[in-house]
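Asks: The sequence shown maps to residues 21 to 646 in our numbering.
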Amino acid sequence: MKRNFILANRRFFIYFLILSVAIIFLVKLFYIQIIKKSYYQSLAENNAKRRIVQPPERGLIFDRFDKLLAKNDSVVDIMIIPKKFKLLEEDTLEVCNYFNISKIELRKIINEAKQYSNSKSSLFLEEVPFSILENLFQFKGLYEQTRLVRKYSTNYAANILGYLGVVNNNNLNNSYYESGDRIGKAGVDKSYEKILRGKKGVSHIIQDVKGNHSTFKNGIFDTLPIPGRSINLTIDLELQEFAEKIMKNYNGSIVALEPSTGEILCLVSSPSYNPSDFIGKKRNEVYPTLRDDPNKPLFDRTILSTYAPGSTIKMLTALIGLEEKIINTGTKINCNFGWNYGAKMKVACHGTDHPPMNITNALAESCNAYFCELFYRVVKKEKTSELGLNIWSKYIKEFGFGDFLNNDLHAGVPGLVPDGEYYTRIYKGQNWGPSNCISLGIGQGELLVTPIQLANYTAILGNRGYFITPHIIKESKGNSTIKEYIEFQLIKNKFSEINKVSISTKYFEYVVKGMERAIEGINGTAKKSRITNLKICGKTGTVENYKKRIKQKDHSVFTAFSPKKQPKIAIAVYIENGGDGGDIAAPIANLCIEKYINRSIDLSFRNKPYFDLNFKKYILKCLRDE
Numbered sequence: 021m022k023r024n025f026i027l028a029n030r031r032f033f034i035y036f037l038i039l040s041v042a043i044i045f046l047v048k049l050f051y052i053q054i055i056k057k058s059y060y061q062s063l064a065e066n067n068a069k070r071r072i073v074q075p076p077e078r079g080l081i082f083d084r085f086d087k088l089l090a091k092n093d094s095v096v097d098i099m100i101i102p103k104k105f106k107l108l109e110e111d112t113l114e115v116c117n118y119f120n121i122s123k124i125e126l127r128k129i130i131n132e133a134k135q136y137s138n139s140k141s142s143l144f145l146e147e148v149p150f151s152i153l154e155n156l157f158q159f160k161g162l163y164e165q166t167r168l169v170r171k172y173s174t175n176y177a178a179n180i181l182g183y184l185g186v187v188n189n190n191n192l193n194n195s196y197y198e199s200g201d202r203i204g205k206a207g208v209d210k211s212y213e214k215i216l217r218g219k220k221g222v223s224h225i226i227q228d229v230k231g232n233h234s235t236f237k238n239g240i241f242d243t244l245p246i247p248g249r250s251i252n253l254t255i256d257l258e259l260q261e262f263a264e265k266i267m268k269n270y271n272g273s274i275v276a277l278e279p280s281t282g283e284i285l286c287l288v289s290s291p292s293y294n295p296s297d298f299i300g301k302k303r304n305e306v307y308p309t310l311r312d313d314p315n316k317p318l319f320d321r322t323i324l325s326t327y328a329p330g331s332t333i334k335m336l337t338a339l340i341g342l343e344e345k346i347i348n349t350g351t352k353i354n355c356n357f358g359w360n361y362g363a364k365m366k367v368a369c370h371g372t373d374h375p376p377m378n379i380t381n382a383l384a385e386s387c388n389a390y391f392c393e394l395f396y397r398v399v400k401k402e403k404t405s406e407l408g409l410n411i412w413s414k415y416i417k418e419f420g421f422g423d424f425l426n427n428d429l430h431a432g433v434p435g436l437v438p439d440g441e442y443y444t445r446i447y448k449g450q451n452w453g454p455s456n457c458i459s460l461g462i463g464q465g466e467l468l469v470t471p472i473q474l475a476n477y478t479a480i481l482g483n484r485g486y487f488i489t490p491h492i493i494k495e496s497k498g499n500s501t502i503k504e505y506i507e508f509q510l511i512k513n514k515f516s517e518i519n520k521v522s523i524s525t526k527y528f529e530y531v532v533k534g535m536e537r538a539i540e541g542i543n544g545t546a547k548k549s550r551i552t553n554l555k556i557c558g559k560t561g562t563v564e565n566y567k568k569r570i571k572q573k574d575h576s577v578f579t580a581f582s583p584k585k586q587p588k589i590a591i592a593v594y595i596e597n598g599g600d601g602g603d604i605a606a607p608i609a610n611l612c613i614e615k616y617i618n619r620s621i622d623l624s625f626r627n628k629p630y631f632d633l634n635f636k637k638y639i640l641k642c643l644r645d646e
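Right, dumping it as structure tokens:
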């Protein structure tokens, strides 16, 4: 009996053991085949199948006259699949010597690749010599991949063109990008990344145990790359290059627009750099030097720097006074060497005592007293200074100041247009009046604008009351889907809308006449830059400049458009620490106007008495270098 019981127990244990093993195997099989099917299938396929991404050709970039700015060239990168890359300690030195990298660099590359994915490929080394590829087969888990890099046909326009860089973690959230991909990091290559990048192609190959390759399932899953669309910029390369050359010894900016279309003709930020310096590995060598340069060549002053506009704002102060019926076209105001308020406050007027003058002459000679008094009357028109300043602020913003222009550039800042509420906050409930913000009327104080805003404002003056949003894209070429076509048409429509200001058109002629006399008049502040064969309307500005409350040399500013009627170009020039607006900024601006309209420079200007001798020599040297 006892023996039978023991046998029965043994038999039960054996059955239980067999059943338990069977259940374990079934559970494991279920886990592998059902729950983790895709994972293990991927592993199995990756042992034999390789997915090869075929990068598309990036769209080309041309200027407005079809001059090539950016093209593509082929380079080879080495990619790594970490799980296939078996690195033994004794092999480390061989790998480092072969690829000419240190052990630290190798470990860093491998760790970063693993962090991205153990089974997906990522960048190992970029832009390697073709000689390295000869014995690359020795290193399992490494393979070559051809890609296209930017090549530039000009040494200028770096701030416009931008550059490409390796994608970061934020970019990888987009399903289009994989580790090692390049993406537009600045300039047009960033703004129009989706148009320029194209669509990747993918091919799948099978590798047997002997290393032989064949197409996976006859290529039914393969796709061809689709090239990116090429674009024409609104930029005039000839003008851009000329303007950068004459700015090479100055810190500052030049922005030129076509008033009737809002097309950006040149966008100069100085100092700058050669766009070719940011191609591939060279960027890693050059970038630290450019980054640490105190003159900030990587900082795009045209769209990111903010300055007081100086006397260039006086045209708008005049228009506000006329529209609000504070003055009429014949109203004269006394100067007395400046604007006086009480016994303690005075705003000087360039060291001269202008006779009583109307609005046109006041603009031509840039009388501070006239525009301080006009601003004072505008603010005093309402019951409170807060409401009065709000009127002024409303008009200023209509002209594109104090807000993003909503253009297609890769970056920008709004600047600052203070209103009544702004000063009420500053004075914390204390009474304040127009004398507390009087400098706004002559473009000083808290008012801050960007060079592109100033150029747009000048275009409004040339157009007599309207603007089209400044933009840098003119056309897009290449095959496109219906979706892409619609998207580009929406872009074009956006940059063809007319934005009107509320100031009556009739008042602009008086302001334009003042701008004309600033150059053509005997006492005009910009007479030094007069060009006899062109009708230019402009306004100088001399901007006070403080650093840590210590007075520095003034900034030189000039805005202008030409011709007087139906202008072809509007321009704004800022020269940091350049002094009087008529000395440097005005001649530079007018030479750029001449270059654009006439396509050449009349060298007879060297004999004109109003050109500073040193400046003549400087310009002639720039022309020789051209």
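Positions of the beta carbon are idealized from the N, C-alpha and C atoms, including for glycine.
May I ask you to report which of helix, strand or coil DSSP gives L554?
Replies: In this structure, L554 counts as coil in the three-state DSSP scheme.
Asks: On the premise that A609 lies in contact with F578, defined as a C-beta separation below 8 angstroms, what is that separation, rounded to the nearest angstrom?
Replies: Rounded, the Cβ-Cβ distance is 5 angstroms, consistent with contact.
Asks: Out of curiosity, what's the CA-to-CA distance linking A475 and G204?
Replies: Approximately 27 angstroms, taken between the alpha carbons.
Asks: For T560 versus A538, is the C-beta spacing smaller than 8 angstroms?
Replies: In contact: T560 and A538 (Cβ atoms closer than 8 angstroms).
Asks: Roughly how many angstroms lie between the CA atoms of C642 and K265, to the nearest whole one?
Replies: Looking at the two C-alpha atoms, the distance is approximately 6 angstroms.
Asks: Tell me whether the beta-carbon of D652 lies closer than 8 angstroms to the beta-carbon of F395.
Replies: Shown here, the chain extends from 21 to 646; a query on residue 652 therefore has no answer.
Asks: Which class does I511 belong to by DSSP, given the choice of helix, strand or coil?
Replies: I511 falls in the helix class under three-state DSSP.
Asks: Along the alpha helix (DSSP H) that carries M535, what are the first and last residues, could you check?
Replies: Looking at the DSSP string, the run of the alpha helix (DSSP H) that includes M535 is 525-540.
Asks: Which of helix, strand or coil does DSSP assign to Y196?
Replies: Looking at Y196 - three-state DSSP - the assignment turns out to be coil, as it is neither helix nor strand.
Asks: The alpha helix (DSSP H) with T309 in it runs from where to where?
Replies: Counting along the chain, the alpha helix (DSSP H) containing T309 begins and ends at 302-312.
Asks: Does DSSP put C642 in a helix, a strand or coil?
Replies: It is helical.
Asks: Identify which residue in K87, G602, V593 has its Cα closest to the Cα of N252.
Replies: Per the Cα distances, K87.
Asks: Between the Cα of K352 and those of L192, N565, A368, F391, spot the shortest distance and give me the residue it belongs to.
Replies: Closest option to K352, Cα to Cα, is F391.
Asks: Measuring straight from C-alpha to C-alpha, what distance separates K230 and F159?
Replies: Unreliable placement is indicated for K230, whose pLDDT of 48 sits below 50; no coordinate value is reported for it.
Asks: Locate the alpha helix (DSSP H) running through T648, then write down its first and last residues.
Replies: Limits of the chain in this structure are 21 at one end and 646 at the other, which puts residue 648 out of reach.
Asks: Name the two residues that bound the continuous alpha helix (DSSP H) containing R397.
Replies: First-last of the alpha helix (DSSP H) with R397: 388-400.
Asks: Please check the pair V398 and E344, which I expect to be a contact at CB under 8 angstroms, by giving their CB distance rounded to whole angstroms.
Replies: At roughly 6 angstroms, the Cβ-Cβ gap stays under 8 angstroms, so V398 and E344 are in contact.
Asks: Could you tell me the boundaries of the beta strand (DSSP E) in which W688 lies?
Replies: Residue 688 lies beyond the stretch modelled for the chain, which goes from 21 to 646, so this question has no answer here.
Asks: Given that a residue counts as buried once 16 or more other Cβ atoms are within 10 Å of its Cβ, and exposed if not, what is S151?
Replies: Result: exposed.
Asks: Output the distance between the C-alpha atoms of I589 and G161, rounded to the nearest integer angstrom.
Replies: Between I589 and G161, the C-alpha separation is close to 58 angstroms.
Asks: May I ask which residues mark the beginning and end of the alpha helix (DSSP H) holding M335?
Replies: Per DSSP, M335 belongs to the alpha helix (DSSP H) from 334-343.
Asks: Could you pull out every unbroken alpha helix (DSSP H) segment of at least 4 residues lying fully inside the segment 418-490, listed in chain order?
Replies: With a minimum length of 4 residues, the continuous alpha helix (DSSP H) runs that stay inside the segment 418-490 are 440-446, 471-483.
Asks: So if DSSP puts H224 in a beta bridge, which residue, or which two residues, is it bridged to?
Replies: R71, per the DSSP bridge assignment.
Asks: What residue range does the beta strand (DSSP E) around T166 cover?
Replies: Start and end: 162-172.
Asks: Which residues share a DSSP beta bridge with F144?
Replies: Note: F144 sits in no beta bridge, so no partner.
Asks: Spell out a yes or no on whether the segment 86-106 and the segment 139-154 are touching, meaning 3 or more CB-CB pairs, one atom from each, closer than 8 angstroms.
Replies: Yes, the segment 86-106 is in contact with the segment 139-154.
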